[in-house]
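These notes concern the structure reproduced below.
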């Protein structure tokens, strides 16, 4: 049975008599257990539940990297456990031998796999910790263990893989523009319909409340009431409950700014519909996507301020390193005496920066954001003195600087010297968090703390001169 793996994944336990709550993430409590994996993350869209599956040189074997702490899975001994071996995301590099970071995904059913640590041949499973066990550590309850070279028929060895790209992460506050180019608003504060020309109209703004499994509830910002599907047909905004199954929807991405909205009660798309005395209203009646199911998403924000950006340098990574020759020059000394030479050499220094969030759509909400810029220095990420202004998340910012160096060398008699100016070109990823202050059209101010940002950068580092000297024969001299 062949089954392709997505590039970015979230891991959930398969159904069974016992089933861990939540999704796989790593312990992060500033202690010696940090990095060990367990089922504990409540939300599927949490950045801590996101992992990248990287192909290796051997087909069917993969490295698994946490996208938040940028470390790879490995089979690791923990002294508190008599069986000892657990899976932790704590390797900075792709390893080999006993600390190998290679794993194999063995398909069992659609999107369901067993996972085997390649070097040891031991399978990964979740483990329920018994308080009576020697060295009991409650942090490892529902942890990922690797202690057997066999598996049983239970679900503890089965892992359901969720494609991260299938998840929709929407802004907290949205406005929906329909196929008739009008905004979704409320008729008599209770019936959504496409009827407003102004994004600032008081019933146009809606709040998105994500559920743990990636679905959403939609609440009117004005009334505080939720969308509800009545009789598997019309959508009303009149619900005040916390768990009414008729208030759950799933957003599906149609484009950079467009979504479709599926009502989970009948798995139909919500479409613009005029019927039964309702005009341009919203009804969950479309069995497939059409132009009438498209919803353009915008943010009902007057102004936005991004501040208190905090980089997690300890969990940054440097990769893709490549040594390059930036400039080369040579000279000869065909005399019988040493000769001091001074050379002027220049090169073009290029730095690329981009700040991205986990939001699924590119909504074009523009605001001037100023960021301190991390950079790679001697193979590690540090903060530079540079400040960069960008207007939009994901915007690629490039700075080009022409630099010149003076290189002094003493040439031996009868010699030729070749000097290369070399540097290492590298990429870096740096997780960051930030605070966001939005002013909405009614003048209210909303503060949010946002996690899951990633800075992507590229620059030269370790610039140095490399000199090669060759002796000349007497036939090369000038007589």
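Numbering (full-length UniProt numbering), first residue to last: 1 to 479.
Note that CB positions come from ideal geometry on N, CA and C, so glycine has one too.
What is the residue span of the beta strand (DSSP E) that residue i lies within?
i	result
residue 394	Taken as a continuous stretch (DSSP letters only), residue 394 belongs to no beta strand (DSSP E), as it is neither H nor E.
residue 126	122-127
residue 164	Counting along the chain, residue 164 falls outside any beta strand (DSSP E), and DSSP gives it neither H nor E.
residue 289	Neither: residue 289 is in no beta strand (DSSP E) and is coded neither H nor E.
residue 102	102-109
residue 117	112-117
residue 333	317-333
residue 304	301-311
residue 226	226-230
residue 180	Where residue 180 is concerned, there is no enclosing beta strand (DSSP E), given that its DSSP letter is neither H nor E.
residue 452	445-471
residue 209	206-210
Is residue i near residue j, with beta carbons less than 8 angstroms apart?
i	j	result
residue 174	residue 206	yes
residue 512	residue 158	Outside the shown range of the chain, which is 1 to 479, sits residue 512, and nothing can be said about it.
residue 144	residue 124	yes
residue 215	residue 250	yes
residue 44	residue 23	yes
residue 455	residue 311	yes
residue 63	residue 92	no
residue 363	residue 305	no
residue 176	residue 183	yes
residue 307	residue 165	no
residue 185	residue 200	no
residue 270	residue 293	yes
Can you give me the C-alpha to C-alpha distance between residue i and residue j, rounded to a whole angstrom?
i	j	result
residue 413	residue 340	11 angstroms
residue 18	residue 155	8 angstroms
residue 505	residue 349	Here the chain comprises residues numbered 1 to 479, so residue 505 is not present and cannot be evaluated.
residue 211	residue 217	7 angstroms
residue 171	residue 198	19 angstroms
residue 243	residue 236	16 angstroms
residue 10	residue 168	13 angstroms
residue 409	residue 26	53 angstroms
residue 336	residue 419	21 angstroms
residue 372	residue 192	43 angstroms
residue 15	residue 122	22 angstroms
residue 479	residue 380	Here residue 479 scores only 46 on pLDDT, less than 50, and its place in the model should not be relied on; the value that follows carries that caveat. Roughly 53 angstroms between the two C-alpha positions.
residue 12	residue 70	20 angstroms
residue 255	residue 267	20 angstroms
residue 351	residue 234	53 angstroms
residue 368	residue 221	26 angstroms
residue 238	residue 111	37 angstroms
residue 375	residue 386	9 angstroms
residue 100	residue 61	11 angstroms
residue 106	residue 116	8 angstroms
residue 301	residue 361	16 angstroms
residue 394	residue 357	8 angstroms
residue 273	residue 279	7 angstroms
residue 432	residue 451	7 angstroms
Please name the residue in the options whose C-alpha comes closest to that of residue i.
i	options	result
residue 453	222, 160 and 313	313
residue 78	41, 139 and 66	139
residue 309	342, 370 and 361	370
residue 55	443, 222, 385 and 103	103
residue 322	286, 424, 409 and 30	424
residue 109	264, 343 and 161	161
residue 459	72, 333 and 320	320
residue 84	148, 188, 63 and 42	148
residue 295	178, 38 and 86	178
residue 449	360, 434, 299 and 166	434
residue 86	37, 272, 386 and 100	37
residue 259	303, 68, 230 and 289	289
residue 468	457, 344 and 329	329
residue 463	183, 377, 417 and 277	377
residue 457	439, 384 and 403	384
residue 163	336, 4, 465 and 130	4
residue 28	417, 66 and 200	66
residue 325	13, 200, 89 and 422	422
residue 405	381, 342, 232 and 379	342
residue 354	427, 346 and 297	427
residue 316	60, 72 and 33	72
residue 411	394, 333, 360 and 403	333
residue 31	75, 360, 46 and 90	90
residue 190	264, 473, 407 and 282	282
Between residue i and residue j, which are expected to be in contact by the criterion C-beta below 8 angstroms, what is the C-beta distance as a whole number of angstroms?
i	j	result
residue 366	residue 398	Not confirmed; about 19 angstroms, so no contact.
residue 39	residue 68	Not quite, the Cβ-Cβ distance comes to about 16 angstroms (not below 8 angstroms), so this is no contact.
residue 240	residue 439	Their Cβ separation, rounded to whole angstroms, is 27 angstroms, which puts residue 240 and residue 439 out of contact at 8 angstroms.
residue 126	residue 42	Going by Cβ atoms, the distance from residue 126 to residue 42 rounds to 16 angstroms, so no, they are not a contact pair.
residue 297	residue 257	6 angstroms
Does residue i have its Cβ less than 8 angstroms from a Cβ in chain B?
i	result
residue 366	Although the question refers to chain B, the structure presented lacks it and comprises just one protein chain.
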